[in-house]
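Undergrad: One structure coming up, written as structure tokens, with questions to follow.
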Amino acid sequence: MLRAAGVGLGDEVIVPAFGNVEIAEAVTLAGGLPVFADIDPATYCLDPIAVEAAVTTRTAAVVAVHRFGRPAEVARLLEAGERHGLLVLQEGESEAPYDETAQRRQRAGYLDGRLKGVLTPESSVGHTYQQYVVRVPGNGRPDRDAFARAIRARGVDCRVPVKTPVHRLPEFRRCVSLPETERAADETLALPVDAALTKRDMQRIVAACNALGGLLQPAL
88 MLRAAGVGLG DEVIVPAFGN VEIAEAVTLA GGLPVFADID PATYCLDPIA
138 VEAAVTTRTA AVVAVHRFGR PAEVARLLEA GERHGLLVLQ EGESEAPYDE
188 TAQRRQRAGY LDGRLKGVLT PESSVGHTYQ QYVVRVPGNG RPDRDAFARA
238 IRARGVDCRV PVKTPVHRLP EFRRCVSLPE TERAADETLA LPVDAALTKR
288 DMQRIVAACN ALGGLLQPAL
């Protein structure tokens, strides 16, 4: 996709560091240089303001990645692309069948109304909940990891969606300030909302989380 768009040697391509390393690898394979911009803390997708701040005379394109089933702010990125003469490309998860998406949304709504002590995702039009990602308040990674271990012990199959931001990996290490990316990597946890989950499964998730969530307080 990048090569077809004309991205080549020396071109800078703005990409998120929160997520898959494959995007940055694709830019490198096309001969370009990945430049990391920060994310919006609500969407986990590229922040259009951060993207504009990262633009230089060598910037050729932006790759907007739709994250966890929530669409990136493509309209605003396209506007920024027009102002700076940039290509705006899109990458996202494969779409699930309509029935499965509807069931995921139903389970997400159930959790939204019952979870306490964790920050639930902001709902938005078009969110398909490929992953239901909450934030665990407290002292970042230590509290999030302890919370994850505790609810796994209670039978909840949770996972850390992004363990290490791409700009912290050895092959793409950059000295760049991405505070929202760092915070999201330290605080986020994906809870199950699969279509196969029963009502009893959902009740177990809520009970396990609520038994612990109130014990964690935001760090001072």
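Letter by letter, the sequence shown follows residues 88 to 307 of this note's numbering.
Note that the Cβ used here is the ideal one computed from N, Cα and C, for glycine as well.
On a predicted model such as this, the values are computed, not experimentally measured, just so you know.
Buried or exposed, going by whether 16 or more other CB atoms sit within 10 Å of the CB of G225?
TA: Here the question's residue 225 lines up with position 138 in the sequence shown. Answer is buried; the Cβ neighbour count reaches 16.
Undergrad: Does Q217 pass the burial test, meaning 16 or more other C-beta atoms within 10 Å, or should it be called exposed?
TA: Numbered from its first residue, the sequence shown carries residue 217 at position 130. Q217 is buried by the Cβ-count criterion.
Undergrad: For the candidate residues A277, G95 and E182, whose alpha-carbon lies nearest to that of V243?
TA: As a first step, residue 243 is located in the sequence shown; it is residue number 156 there, counting from the start. Among A277, G95 and E182, the Cα nearest to that of V243 is on A277.
Undergrad: Are the region 175 to 191 and the region 285 to 294 in contact at 8 Å, needing three or more beta carbon pairs?
TA: In short, these stretches do not touch, since the Cβ pair count stays below three.
Undergrad: Apart from the five residues on each side of it in sequence, which residues of its chain come closer than 7 Å, Cβ to Cβ, to A92?
TA: Within the sequence shown, residue 92 is the residue found at index 5, counting from 1. Answer for A92: A148, L174 and L176, listed in chain order.
Undergrad: Near R228, which residues of its chain fall below 6 Å by C-beta distance, leaving aside the five closest residues on each side in sequence?
TA: Taking the sequence shown and counting its residues from 1, one reaches residue 228 at position 141. If we look at R228 and ignore the five residues flanking it on each side, its Cβ neighbours are D273.
Undergrad: Just the C-alpha distance for F105 and Q290, rounded to the nearest angstrom, thanks.
TA: Stepping through the sequence shown from its first residue, residue 105 is reached at position 18. Stepping through the sequence shown from its first residue, residue 290 is reached at position 203. If I take the Cα positions, the gap works out to 30 Å.
Undergrad: Give the single residue among G118, A233 and G179 whose Cα lies nearest to the Cα of G95.
TA: Position 8 of the sequence shown, counted from the first residue, corresponds to residue 95. When each option's Cα is compared against that of G95, the closest is G118.
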